[in-house]
Amino acid sequence: MRQSKSFIPTLKEVPNDAVVPSHVLMLRGGYVRALAAGIYSFLPLGYRVVKKVCEIIRQEMDAIGGQEFHLPALNPKEIWEETGRVQAFGDTMFHLKNRDYVLAPTHEEIITFHARKVVKSYKDMPQTWYQIQTKFRNEARPRSGIIRGRQFLMKDSYSLDIDTAGLDVSYNLHDQAYRKIFTRVGLKFFVVGASSGAMGGSGSEEFMVGSAAGEDTVAHCEACGYAANVEVASSVIQPVQRETESKAVYEISTPNIKSIDELCGFLNINERQTAKSRVYIVDDKAVLILMSGNDDVNETKLEKALGSGVRPAHPEELKAITGADAGSIGPIGFNGRIIADLRIKECNNLFSGANKNDYHIGGIDFVRDVPSIEYADLRTAVSGEGCPKCGEPLGVFTAIELGHIFKLGTKYSSAMGATYLTEEGDEKPIVMGSYGIGVERVIACSIEQSHDESGIIWNKSIAPFHVHLLGLNMKKEPVAEASEKIYNELLSAGVEVLFDDRIDAQAGFKFKDADLLGMPIQLIVGEKKLAESKVEVKIRKTGERLEIPLEGLAATIKDLIEKL
RNA sequence: CGGGGUAUAGCGUAGCCCGGCUAGCGCGCCUGGUUUGGGACCAGGAGGUCGCAGGUUCGAAUCCUGCUACCCCGACCA
Numbered sequence: 030m031r032q033s034k035s036f037i038p039t040l041k042e043v044p045n046d047a048v049v050p051s052h053v054l055m056l057r058g059g060y061v062r063a064l065a066a067g068i069y070s071f072l073p074l075g076y077r078v079v080k081k082v083c084e085i086i087r088q089e090m091d092a093i094g095g096q097e098f099h100l101p102a103l104n105p106k107e108i109w110e111e112t113g114r115v116q117a118f119g120d121t122m123f124h125l126k127n128r129d130y131v132l133a134p135t136h137e138e139i140i141t142f143h144a145r146k147v148v149k150s151y152k153d154m155p156q157t158w159y160q161i162q163t164k165f166r167n168e169a170r171p172r173s174g175i176i177r178g179r180q181f182l183m184k185d186s187y188s189l190d191i192d193t194a195g196l197d198v199s200y201n202l203h204d205q206a207y208r209k210i211f212t213r214v215g216l217k218f219f220v221v222g223a224s225s226g227a228m229g230g231s232g233s234e235e236f237m238v239g240s241a242a243g244e245d246t247v248a249h250c251e252a253c254g255y256a257a258n259v260e261v262a263s264s265v266i267q268p269v270q271r272e273t274e275s276k277a278v279y280e281i282s283t284p285n286i287k288s289i290d291e292l293c294g295f296l297n298i299n300e301r302q303t304a305k306s307r308v309y310i311v312d313d314k315a316v317l318i319l320m321s322g323n324d325d326v327n328e329t330k331l332e333k334a335l336g337s338g339v340r341p342a343h344p345e346e347l348k349a350i351t352g353a354d355a356g357s358i359g360p361i362g363f364n365g366r367i368i369a370d371l372r373i374k375e376c377n378n379l380f381s382g383a384n385k386n387d388y389h390i391g392g393i394d395f396v397r398d399v400p401s402i403e404y405a406d407l408r409t410a411v412s413g414e415g416c417p418k419c420g421e422p423l424g425v426f427t428a429i430e431l432g433h434i435f436k437l438g439t440k441y442s443s444a445m446g447a448t449y450l451t452e453e454g455d456e457k458p459i460v461m462g463s464y465g466i467g468v469e470r471v472i473a474c475s476i477e478q479s480h481d482e483s484g485i486i487w488n489k490s491i492a493p494f495h496v497h498l499l500g501l502n503m504k505k506e507p508v509a510e511a512s513e514k515i516y517n518e519l520l521s522a523g524v525e526v527l528f529d530d531r532i533d534a535q536a537g538f539k540f541k542d543a544d545l546l547g548m549p550i551q552l553i554v555g556e557k558k559l560a561e562s563k564v565e566v567k568i569r570k571t572g573e574r575l576e577i578p579l580e581g582l583a584a585t586i587k588d589l590i591e592k593l
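Okay, so the first sequence: first residue is 30 according to our numbering, each after it adds one.
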């Protein structure tokens with residue numbers, strides 16, 4: 030493709046609205062443009078990337094026997110009413126104003142609709158049906174550019190099986206296909222077991238990629254692959270040891286000391302010698318939670334331990350319940366249920382609040398002084414702590430969900446009457462699975478994982494072009510001539526090449542654009558090297574530069590691409 | 001939906017508190033010339049309902065009211 034005739038509107042400055050790197054670079058590189066909040070147009074270069082990602086997905090889906098469909102985005106609302114999901118989606122579903130149609134946010138109902146008409150016998154299964162299409166969700170807050178939009182491209186596949194054993198097979202095939210897809214596009218990903226949420230069903234896994242633009246916080250172990258949402262993740266830590274001798278309880282004046290750090294500084298003690306207090310309201314009753322030092326309470330774990338919803342007590346409530354403000358609350362004299370984190374189980378000689386402002390208490394022995402105390406795992410795992418599976422250090426970071434595979438079971442087939450006859454002649458609901466991949470997220474995550482200050486660094490599998498040919502000074506006859514010749518040679522050799530043949534752009538300008546656009550290989554044709562019958566290659570990823578002879582250039586380049 | 005912020009030329013911005021604007025600057029764009037290996041230089045030029053509507057005032061980009069759009073944090077998220 031000739032750049033002089035292409036629409037690639039690059040931007041030198043960072044657009045005001047863009048924050049996350051992938052968004053900034055796609056905008057600056059002329060890959061996408063926003064139309065409205067969460068609605069983007071893919072420009073020619075961006076669409077090439079979309080097509081490449083889709084093609085990889087398509088190949089891997091076809092490889093496990095998937096059959097591609099093209100399904101309507103415009104759906105009669107009544108189909109969605111059969112499964113109660115008009116209500117379940119609520120405001121997230123787009124409704125048309127002048128007809129009882131909705132815009133499909135996913136396609137389980139449509140697949141089930143077709144399945145119930147034609148899949149009538151156990152002999153018709155298994156089936157894997159998929160589509161790569163635009164879906165619509167009225168997100169309350171679109172964000173991070175292309176990562177969370179109101180309109181987005183999604184590969185969704187649906188498996189139809191006669192029983193759960195069949196579903197397990199389909200599910201595992203998808204699991205394997207997904208690993209291949211994400212590996213092929215060059216992403217560093219990991220897999221988290223997840224709850225299946227509003228989709229219903231029994232088992233599911235999320236395919237995640239670490240990113241600062243992520244919406245979930247996860248704990249992940251590089252060594253063994255353990256991964257869990259931080260809400261449920263556990264970790265191996267050093268518990269606080271009970272000392273052999275318990276001191277007596279004593280009150281200490283601690284004026285204006287509020288935080289654990291201040292307390293430790295004031296008393297010259299270690300945070301492990303302290304018990305931090307948090308008061309939660311559970312079923313209208315106050316519960317005191319004690320954590321070691323600055324350990325964070327994990328509210329999901331707390332809710333699990335208590336079996337019902339919790340909320341932190343308001344400041345006014347704290348005063349009424351304990352007689353003190355946050356910062357001076359503790360177990361001694363607390364009237365109510367007290368639960369401590371396992372890390373400080375049966376500890377002694379601890380410091381905590383006195384339930385009196387500006388006072389703390391030392392020498393607390395949970396066994397002696399707080400006989401009614403209970404213990405539970407309540408802490409939030411932190412980076413560097415031991416993996417619960419293998420003990421190696423865990424990483425805790427935010428991540429983006431790229432793909433999600435579910436075992437749906439018979440939720441939709443039962444609701445919509447999609448049944449088949451077994452070998453014995455019994456009527457049974459089809460057992461289904463549902464498997465999604467966010468196409469834009471694959472692209473955004475690739476950029477999030479692979480860029481530098483200058484721009485994008487595409488993995489060759491999804492780069493819009495493999496080679497960016499830069500004719501440095503196209504006003505010089507030898508350069509223009511050689512560049513043209515090379516361009517044609519590469520095209521004939523089947524190399525995907527973007528040719529910067531602009532005559533009015535200076536060398537520096539072309540270099541900057543090339544780095545921003547991020548093709549894996551830059552082929553630089555300049556006057557000086559040309560005099561020696563050579564051109565220069567720059568590997569975008571490493572910055573490495575090579576001089577290669579004109580003789581046999583196309584073959585050399587193909588070789589280089591191969592090795593990337 | 002709750003909280004915060006922003007809206008001035010294609011992009012990035014100054015001016016707004018403290019009204020006097022004929023709205024300034026950089027990039028980009030057009031013309032001519034020079035330049036040509038890391039976002040060139042000189043000269044000339046075009047481009048603005050200052051988000052929209054109303055109000056206050058002799059006078060509003062600037063003050064007030066309402067609305068809209070976009071961004072961020074949170075809630076939500078197949």
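Don't be surprised by glycine CBs; every beta carbon is placed ideally from N, CA and C.
Run of the beta strand (DSSP E) containing residue i, from where it starts to where it stops
| i | result |
| --- | --- |
| Gln-156 | 156-165 |
| Arg-62 | 61-65 |
| Leu-103 | 103-105 |
| Asp-394 | Element bounds for Asp-394: n/a, residue is neither H nor E. |
| Phe-211 | First-last for Phe-211: 193-213, but that is the alpha helix (DSSP H), not the beta strand (DSSP E). |
Proximity of residue i and residue j at Cβ, strictly below 8 Å
| i | j | result |
| --- | --- | --- |
| Gly-382 | Ile-367 | no |
| Ile-390 | Glu-280 | yes |
| Gly-352 | Ser-288 | no |
| Ala-428 | Met-237 | yes |
| Ala-66 | Leu-56 | no |
| Phe-219 | Gly-254 | yes |
| Val-566 | Leu-575 | yes |
| Leu-196 | Met-320 | no |
| Tyr-151 | Tyr-449 | yes |
| Val-265 | Pro-417 | yes |
| Val-460 | Asp-204 | no |
| Glu-111 | Ala-342 | no |
| Gly-178 | Glu-506 | no |
| Asn-167 | Phe-98 | no |
Same chain, Cβ closer than 6 Å to residue i, five either side skipped, listed in chain order
| i | result |
| --- | --- |
| Glu-260 | Thr-329 |
| Ala-583 | Glu-518, Leu-519, Ala-522 |
| Gly-413 | Pro-422 |
| His-433 | Glu-235, Gly-465 |
| Lys-276 | Asn-378, Gly-392 |
| Ser-479 | Ile-486 |
| Pro-458 | Thr-439, Ser-442, Ser-443, Thr-448 |
| Leu-40 | Arg-57 |
Residues of its chain near residue i, where Cβ-Cβ distance is below 7 Å and the 5 sequence neighbours each way are ignored
| i | result |
| --- | --- |
| Ala-227 | With a pLDDT of only 42 at Ala-227, under the threshold of 50, the placement of this residue in the model should not be trusted, and no figure is reported. |
| Gly-230 | Model confidence at Gly-230 stands at a pLDDT of 49, short of 50, so the residue's coordinates are unreliable; what they give is reported in the following sentence. Here the set comprises Phe-435, Lys-436, Leu-437, Gly-438, Lys-440. |
| His-136 | Leu-100, Gln-160, Asp-185 |
Among the options, nearest to residue i - alpha-carbon criterion
| i | options | result |
| --- | --- | --- |
| Ala-102 | Ser-521, Phe-181, Gly-356 | Phe-181 |
| Lys-34 | Pro-578, Leu-559, Ile-532 | Ile-532 |
| Phe-324 | Ala-534, Met-503, Asp-370 | The sequence shown places Asp at residue 324, not Phe. The candidate whose alpha carbon is nearest that of Asp-324 is Asp-370. |
| Leu-132 | Ala-144, His-143, Gly-119 | Gly-119 |
| Leu-545 | Ser-51, Thr-193, Trp-109, Pro-341 | Ser-51 |
| Pro-344 | Ala-315, Gln-88, Tyr-200 | Ala-315 |
| Ser-337 | Asp-312, Leu-317, Ser-321 | Asp-312 |
| Asn-201 | Met-90, Arg-397, Gln-96, Thr-121 | Met-90 |
| Gly-446 | Ile-550, Ala-262, Ile-140, Lys-541 | Ile-140 |
| Ser-263 | Val-79, Phe-165, Ala-248 | Ala-248 |
| Gly-462 | Trp-158, Arg-397, Asn-488 | Trp-158 |
| Lys-541 | Arg-166, Ser-483, Leu-54 | Ser-483 |
| Cys-250 | Glu-591, Arg-31, Trp-487, Ala-410 | Ala-410 |
| Leu-54 | His-124, Asp-481, Ile-577, Lys-570 | Asp-481 |
Boundaries (first-last residue) of the alpha helix (DSSP H) holding residue i
| i | result |
| --- | --- |
| Ile-350 | 344-351 |
| Thr-246 | Per DSSP, Thr-246 belongs to no alpha helix (DSSP H); it is in the beta strand (DSSP E), 245-249. |
| Ala-47 | No alpha helix (DSSP H) contains Ala-47, which DSSP labels as neither H nor E. |
| Phe-594 | The shown model of the chain, from 30 to 593, leaves out residue 594, and the question about it has no answer. |
| Glu-291 | 289-296 |
| Met-445 | 440-445 |
| Tyr-255 | It is not in any alpha helix (DSSP H) - Tyr-255 carries neither H nor E in the DSSP assignment. |
Contacts around residue i, its chain only, beta-carbon distance under 8 Å, and the 5 residues preceding and following it disregarded
| i | result |
| --- | --- |
| Ser-490 | Lys-81, Ile-85, Arg-213, Val-214, Gly-215 |
| Ser-224 | At Ser-224, the pLDDT of 49 sits below 50, so the modelled position is not reliable and the matter cannot be decided from this model. |
| Glu-403 | Arg-366, Ile-367, Ile-368, Ala-369 |
| said: Under 8 Å: do the region 520-528 and the region 492-508 share three or more Cβ pairs, one atom per stretch? | reply: Flag = yes, the region 520-528 and the region 492-508 touch.
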